[in-house]
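>
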Amino acid sequence: MTVYKLHYFENLGARAELIRLLLVYGELPYEEVLISRAEWPNLKASYPNGNLPILEVDGKVLPQSIAIARFLAKKVGILGKDDWEAAQADAFIDLIEDTIVALKNKGLTVKSVSGQGSEVADEVVTTLMPFLERLEKHLHTTNGQNLVGDHLTWADISVADWFRRYSNTAPHLLDDFPVFKKFTDYVYGLPNIKEYVAARKVAL
1 MTVYKLHYFE NLGARAELIR LLLVYGELPY EEVLISRAEW PNLKASYPNG
51 NLPILEVDGK VLPQSIAIAR FLAKKVGILG KDDWEAAQAD AFIDLIEDTI
101 VALKNKGLTV KSVSGQGSEV ADEVVTTLMP FLERLEKHLH TTNGQNLVGD
151 HLTWADISVA DWFRRYSNTA PHLLDDFPVF KKFTDYVYGL PNIKEYVAAR
201 KVAL
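The sequence shown begins at 1 in UniProt numbering and counts up one residue at a time.
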């Protein structure tokens, strides 16, 4: 049996969290190698591209979080049922990258805004509002549970989890987007994911 080994920083979710969710959803056995910030300078050169996360699979090493997630999505059958659906799912993954850029341009990351006050929460809401408006509108054209087609793809898991993590800091983030909120509830209620999310700490 293949055992996957995920290398990432300790006490941090960020780029590794989608990978964990896909491993959990697909019931793929995995181990974690957690690296402290103090250890990292001495280990950095030993990792491909000098960054984390990386995934070990049968002695082979795959770097880059999106490449890893795409590999796992295909492995567990939620990449998309054909090339067109896979491309559509990729577009939503790219949308998340757009939100990261927009937030970072304002100095806002999941970690930096955690535990901050209402002023920061309002800034998060303002920054993410255009993206949520597009997603809400799109879900009105689907079954409301899936971004692509009428079945789960990795884009659903990625998008739902990303915005829900920010709602820990901005509790009213999804108030004006009932269809999108229901969509995230659906994803968080999926077998295995429900149990994982309930048990994890806030994923920074």
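Quick reminder that beta carbons are idealized off the backbone N, C-alpha and C, glycines included.
What's the C-alpha gap between P41 and N49?
In a straight line, the C-alpha of P41 is about 14 angstroms away from that of N49.
> Would you mind reading off the limits of the beta strand (DSSP E) that contains V61?
60-63
> Count the other C-beta atoms from every protein chain shown that fall within 10 angstroms of the C-beta of L52, then say buried if there are 16 or more, exposed otherwise.
buried
> What do you get for residue 217, buried or exposed, if any count of 16 or more other CB atoms within 10 angstroms of its CB means buried?
With the chain covering only 1 through 204, there is no way to say anything about residue 217.
> Quick check on A85: does DSSP put it in helix, strand or coil?
In the sequence under discussion, the amino acid at residue 85 is Glu, which differs from the Ala named in the question. When secondary structure is reduced to three states using DSSP, E85 falls in the helix class.
> Are the CB atoms of W162 and A73 nearer to each other than 8 angstroms?
Cβ atoms of W162 and A73: not closer than 8 angstroms.
> Does DSSP put L34 in a helix, a strand or coil?
strand
> Flag this pair as yes or no: are the beta carbons of I96 and V159 separated by less than 8 angstroms?
Between I96 and V159, the gap from beta carbon to beta carbon is short of 8 angstroms.
> Would you please state the rounded distance, in angstroms, between the beta carbons of L34 and E10? I believe it to be under 8 angstroms.
4 angstroms
> Drop a sphere of 10 angstroms on the beta-carbon of D185, count the other beta-carbons inside from all chains shown, and report buried for 16 or more, exposed for fewer.
exposed
> Between G26, V3, A16, which lies nearest to L190 when the distance is taken from Cα to Cα?
G26
> According to DSSP, is L173 part of a helix, a strand, or is it coil?
coil
> For Q64 and F71, I'd like the C-alpha separation in whole angstroms.
11 angstroms
> What span of residues does the alpha helix (DSSP H) with K182 cover, start to end?
178-188
> So, at 7 angstroms on beta carbons, what are the nonlocal neighbours of residue 289 in its own chain, with the 5 sequence-adjacent residues on each side left out?
In the structure as shown, the chain starts at 1 and stops at 204, and residue 289 therefore has no counterpart that could be examined.
> Could you round the C-beta distance between V4 and L23 to whole angstroms and report it? I think they count as a contact, below 8 angstroms.
The sequence shown places Tyr at residue 4, rather than the Val named in the question. At roughly 6 angstroms, the Cβ-Cβ gap stays under 8 angstroms, so Y4 and L23 are in contact.
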